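A quick write-up on the structure given underneath.
In the numbering used here, the protein residues as written are 4 to 608.
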């Protein structure tokens with residue numbers, strides 16, 4: 004069931020994702036997690052949560068089994084290999100991963116990439132095709148482990164909370180639209196959401212009324228059961244009930260499509276193709292899947308960690324994902340990914356740890372051994388109805404409205420992310436989302452807030468915008484630059500200093516309209532409060548040296564305050580500090596004010 008409460012939960016996505024410290028998750032992790040990463044996301048396991056996790060695992064199996072069979076078809080693999088993706092790979096990630104919520108299994112985006120890359124190398128579904136698919140999964144796993152060794156997990160930090168809300172909303176829309184053909188009993192071509200939607204509208208006259216009736220009944224039952232009680236998995240009830248109804252009412256005879264026969268048996272260990280030539284042939288495919296997995300898995304795990312205010316180690320997740328793909332390679336299946344859809348399935352059913360995923364693996368094992376027969380009777384319309392509701396739950400309308408109300412510029416970033424995922428696809432959309440996050444970040448650092456500190460009558464500091472005639476006191480300006488200084492924003496720093504000088508000396512240059520500047524006391528000291536400056540690059544250092552010379556030409560002293568040890572070392576290396584006439588560095592802005600008053604009190608009065 005889709006509730007307003009579920010939508011509101013999504014507004015908490017990634018409260019810590021925008022942290023400037025990429026190591027935040029790792030340093031805050033409990034000691035037992037650092038010592039024993041294996042099974043780290045089963046601990047601590049609360050007894051009261053065990054029934055809910057187990058039930059969520061059963062629900063995931065009931066909903067995920069038909070779904071992964073479809074993904075196997077997209078990948079052009081033997082249909083039973085879809086089940087294999089939520090057996091060994093899922094169990095391996097549950098044991099080695101960091102996220103308590105991320106579900107690893109087959110994914111539509113990576114399945115489509117695999118099919119596009121391998122179809123031309125072997126006949127789909129053949130033994131050779133399966134070997135090449137295994138090799139692609141193995142290479143993808145190697146790339147994920149290399150990303151861990153090279154500490155590339157920080158790349159996920161470029162996905163802001165705003166982008167993640169847009170990402171999940173776009174995924175939800177894509178999932179919901181993708182189920183329309185199954186809900187209506189029609190055939191629609193196209194891989195992305197827009198062609199599918201257009202095709203569904205065009206094919207409306209050929210809708211199977213019986214299939215539509217089954218879909219509507221399934222939707223009503225799932226929503227109705229969830230409204231009555233959250234303790235009973237409505238989706239599971241509907242799936243089991245639909246299989247029984249399909250047999251008793253002979254639904255296929257009335258035009259309702261079902262899954263059809265599913266082979267039984269567990270996967271055996273297999274060796275993927277390992278030749279150098281084959282590796283070269285599928286390397287580009289593996290790199291493409293690696294990018295999608297890195298972005299999509301990180302986005303999903305971070306979103307759910309933020310939702311429940313939990314710790315996450317993305318580097319550990321990379322190892323878990325790499326090992327899961329290696330397990331897929333050696334069990335005769337295809338690449339696996341962190342799945343937003345499956346993760347939402349578990350979350351909606353009440354699962355809160357990887358025990359749900361291990362339970363799902365157990366159920367899948369039993370199904371492969373004994374229960375593949377009943378699956379053949381599952382109406383595709385019922386599966387589409389359940390997944391449609393899951394997609395709708397991912398659409399975070401409340402989160403989008405909150406961003407719109409509080410920060411319109413970031414709302415445009417979120418909306419762009421939604422549009423990119425829906426129109427272009429998840430993999431292209433997430434890349435564009437990263438770019439959008441970077442542009443948004445650069446927009447802030449390129450034109451940062453600049454302030455002048457003023458001591459109030461109560462003795463506390465307050466800030467004013469850095470206007471040309473602003474003064475801290477008398478001829479002192481304590482100027483705070485609210486960003487690191489680098490090549491792109493150094494001009495803003497230099498421009499402010501020129502404007503300060505222009506407020507009392509019109510000879511500083513024709514670029515400043517001094518006639519529009521109210522008179523201000525003569526400037527004697529400009530103190531750069533560096534408390535917000537974490538780094539100064541080479542270009543900014545040269546600008547700083549130029550500004551110091553400009554101030555000296557006007558008999559204005561340049562001083563510093565609140566300089567970190569790192570920035571102080573940089574200033575010394577650049578030659579800004581440490582020379583014969585090195586600027587004074589005060590420990591605090593208050594000390595700079597005291598020093599100014601001691602030296603210039605008579606002049607100001």
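Cβ atoms here follow ideal geometry from the backbone N, Cα and C, with glycine treated the same way.
Since the model is a prediction, treat every value here as computed from it, not as a measurement.
When only Cα atoms are considered, residue 53 and residue 382 end up about 31 angstroms apart. In the structure shown, the three-state DSSP call for residue 404 is helix.
The beta-carbon separation of residue 137 and residue 220, rounded to 41 angstroms, does not stay under the 8 angstroms limit for a contact. Under the DSSP assignment, residue 496 falls in the alpha helix (DSSP H) whose first and last residues are 493-505. For residue 239, the enclosing alpha helix (DSSP H) has its first and last residue at 237-252.
According to DSSP, residue pairing for residue 454 in a beta bridge involves 468, 483. Closest in alpha carbon position to residue 477, among 601, 399, 549, 544, is 601. Under the three-state reduction of DSSP output, residue 107 falls in the strand class.
Distance between residue 76 and residue 99, taken at the CA atoms: about 28 angstroms. Every alpha helix (DSSP H) stretch that sits fully inside the segment 330-369 and reaches 4 residues is listed by chain position as 343-351, 358-369.
Nearest to residue 283 by alpha-carbon distance, out of 308, 345, 120, is 120.
For the segment 266-314, there is no continuous beta strand (DSSP E) assignment of 3+ residues that stays within its boundaries. Short of 7 angstroms from the beta carbon of residue 418, and not among the five residues preceding or following it, lie these beta carbons of its own chain, in chain order: 169.
The beta carbons of residue 83 and residue 266 sit closer together than 7 angstroms. Take the alpha-carbon of residue 484 and the one of residue 405: they are about 29 angstroms apart.
Rounded to the nearest whole angstrom, the CA to CA distance from residue 531 to residue 451 is 15 angstroms. Closest in alpha carbon position to residue 424, among 398, 443, 556, 411, is 398. In this structure, the CA atom of residue 186 is about 25 angstroms from the CA atom of residue 89. Distance from the CA atom of residue 123 to the CA atom of residue 131, rounded to whole angstroms, is 12 angstroms. It is roughly 19 angstroms from the alpha-carbon of residue 81 to the alpha-carbon of residue 93.
Assigned with DSSP and collapsed to three states, residue 102 falls in coil, not helix or strand. If you ignore the 5 residues before and after residue 539, its C-beta comes within less than 8 angstroms of the C-beta of 487, 488, 489, 547, 570, 573, 574, 577, all in its own chain and listed in chain order. By the criterion of a C-beta distance shorter than 6 angstroms, residue 214 is surrounded in its chain by 188, 259, 384, once the five residues flanking it on both sides are discounted. Excluding residues up to 5 positions away in sequence, 293 lie with their Cβ nearer than 6 angstroms to the Cβ of residue 146 in the same chain. For residue 562, the enclosing beta strand (DSSP E) starts and ends at 560-564.
DSSP links residue 532 through a beta bridge to 483, 564. By the neighbour-count definition (other C-beta atoms within 10 Å, threshold 16), residue 560 is a buried residue.
Judged by DSSP in its simplified three-state form, residue 589 adopts strand. The residue among 148, 466, 432 with its C-alpha nearest the C-alpha of residue 454 is 466. Looking at the backbone, the Cα of residue 203 and that of residue 253 are separated by about 26 angstroms.
Shown here, residue 488 sits in a strand according to DSSP, grouped into three states. Taking 7 angstroms as the cut-off, the beta carbon of residue 235 is found closer than this to the beta carbon of residue 228. Per DSSP, reduced to three states, the secondary structure at residue 393 is helical.
Residue 539 sits in a strand when the DSSP states are folded into three classes. Taking a C-beta distance under 7 angstroms as the contact criterion, residue 155 and residue 329 do not qualify as a contact pair.
In this structure, the beta-carbon distance from residue 533 to residue 496 does not fall below 7 angstroms.
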